[in-house]
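Following: one structure in structure tokens, then a few remarks.
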Amino acid sequence: MKRCEILSSLFILIFVWACNEVDQTHEQSGKLLFTRLTSEETNVSFVNKIEDREDFNIFKYRNFYNGGGVAIGDINNDGLPDIYFTANMEKNRLYLNKGDFTFEDITDKAGVGGNKPWSTGVVMVDVNGDGFLDIYVSNAGNMEGNNHDNDLYINNGDLTFTERAVEFNLAKSGFSTHASFFDYDKDGDLDVYLLNNSNIPVSSLGYAADRDKRASDWESVPERFRGVGDVLLRNDNGKFVDVSEQAGIYGSLIGFGLGVMVCDINGDTYPDIYISNDFYERDYLYINQQDGTFKEQIKDWTSHLCLSAMGVDIADINNDGLQDIFITDMMPEGEVRTKSVME
């Protein structure tokens, strides 16, 4: 046996022994952090089933594998967190927490299954301020047809909901990915940032060949222009009003938004917004100007700009009191690297 094979085998034996020792130590000390529960135990049987069909697949719909969202919140104020799942090709599901990690599917009697194709993000939030969590569902719809209006399920306080998105002006938005509710102007009510995916085919942009150059030269990206892009809606006495343009929010046709996080980046107590964009556009970092407007200043705050960014999360990783940013970026460093991997 060759020396490298001996060392490799020895490493594997040591690794397996160490894992067994860790498992035994945790079992003996009773400090196991998590235990997997089956759907039979919890009664949570939701699966986001995607059917690849000849007339509807990844080649015809670019977000085919983007998946659905999950929201967790206490919808009946009993102190137990409940779960809402969104589905892409089937009905959304709401599970009521009955305690002891068991749940009841109350989707039908609650009236929150939805009738739109391709639901994406979901958030539980008290939109009308009555003390009960409501459910806001983003819908991307199909590429054809007018079937992607978002849904707002207002909590009736009796484990039933009423869909009222049109009444609150939260229905029309575009191909929505997610939404974030927050009080950006500190007037005491919740406003909302709607994250949308561009409504045009990627291939129609016509300048994909130069993407490696553009990754280091952002001035070559065409001027941003209004499309069915991201939207900032201000809450005016329960009616959500589009203030995107006056607030400095881009509604770009090259903005393929996949992630949104709201937090105070600069420590001035006003919420800022980070947007991760797929494909052509760079990410956005909107700094709150404390006067109802934002300035996009990502180049002033970061030393690295993503291209083809997917999700984003923000937290104080090293406990220094400052917010750190984690981005999942699927774009390789350059064409050479891509070719070397393929070869």
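Each number in my numbering comes from the position in the sequence shown (counting from 1) with 14 added on. Using N, Cα and C, we set each Cβ at its ideal position, and we do this for glycine too.
- CA-CA distance, threonine 191 to leucine 46, rounds to 36 angstroms.
- With a threshold of 16 other beta carbon atoms within 10 Å, threonine 52 falls short and is exposed.
- Relative to serine 290, the option among Val180, Val326, Gln303, Ser194 whose CA is nearest is Val326.
- From the listed residues Asp122, Asn106, Tyr300, the smallest Cα separation to valine 84 is found for Asn106.
- Your pair asparagine 102 and isoleucine 64 checks out as a contact, with CB atoms roughly 6 angstroms apart and the cut at 8 angstroms.
- Aspartate 305 is positioned such that its CB atom lies no closer than 8 angstroms to that of alanine 323.
- Around the beta carbon of tyrosine 79, fewer than 16 other beta carbons lie within 10 angstroms, which makes this residue exposed.
- Distance from the CA atom of tyrosine 300 to the CA atom of valine 151, rounded to whole angstroms, is 24 angstroms.
- Put simply, of Arg178, Asp96, Val139 the residue whose alpha carbon is nearest the alpha carbon of glycine 128 is Arg178.
- In this chain, lysine 313 is not harboured by any beta strand (DSSP E); it is covered by the alpha helix (DSSP H) spanning 312–315.
- In the DSSP assignment, alanine 85 falls within the beta strand (DSSP E) that extends over 84–87.
- Distance between tyrosine 98 and alanine 185, taken at the CA atoms: about 19 angstroms.
- Take the alpha-carbon of lysine 130 and the one of aspartate 334: they are about 44 angstroms apart.
- Valine 274 has its alpha-carbon roughly 28 angstroms from the corresponding atom of serine 59.
- Threonine 176 and glycine 281 have their alpha carbons spaced roughly 38 angstroms apart.
- If you ignore the 5 residues before and after lysine 309, its C-beta comes within less than 8 angstroms of the C-beta of Gly262, Tyr300, Ile301, Gln303, all in its own chain and listed in chain order.
- Take the alpha-carbon of aspartate 140 and the one of glycine 87: they are about 11 angstroms apart.
- Selection Leu110, Tyr288, Pro95 evaluated against lysine 123 yields Leu110 as nearest (Cα-Cα).
- Put simply, the backbone Cα of valine 276 is about 20 angstroms away from that of leucine 321.
- Following the DSSP letters along the chain, one finds threonine 56 inside the alpha helix (DSSP H) bounded by residues 53–56.
- Taking 8 angstroms as the cut-off, the beta carbon of phenylalanine 189 is found closer than this to the beta carbon of asparagine 210.
- Counting the other CB atoms within 10 Å of its CB gives alanine 329 a total below 16, which places it among the exposed residues.
- Counting other Cβ atoms within 10 Å of its Cβ, valine 126 reaches 16 or more and is therefore classed as buried.
- Of the candidates Glu54, Tyr198, Leu336, Asn170, the residue whose Cα lies closest to the Cα of asparagine 249 is Tyr198.
- The Cβ-Cβ distance between leucine 272 and aspartate 244 does not fall below 8 angstroms.
- Between the C-alpha atoms of methionine 138 and isoleucine 168 there is a straight-line separation of about 10 angstroms.
- The beta carbon of aspartate 92 sits closer than 7 angstroms to none of the beta carbons in its chain outside the five residues before and after it.
- If you look at glutamate 177, you'll find it in the beta strand (DSSP E) that goes 175–177.
- The bridge partners DSSP lists for serine 190 are Asn210.
- Boundaries of the beta strand (DSSP E) harbouring serine 152: 148–153, taken from the DSSP string.
- Cα atoms of phenylalanine 70 and glycine 81: separation of roughly 15 angstroms, rounded to the nearest angstrom.
- Counting only residues of its own chain and dropping the five nearest sequence neighbours on each side, threonine 174 has a CB closer than 8 angstroms to the CB of Lys123, Ala124, Gly125.
- When secondary structure is reduced to three states using DSSP, lysine 123 falls in the helix class.
- Rounded to whole angstroms, the gap between the alpha carbons of aspartate 119 and aspartate 96 is 10 angstroms.
- DSSP places alanine 261 in the helix class (H, G or I) of the three-state scheme.
- Cβ contact annotation for threonine 342 (same chain, cutoff 6 angstroms, sequence separation greater than five): Met324, Gly325, in chain order.
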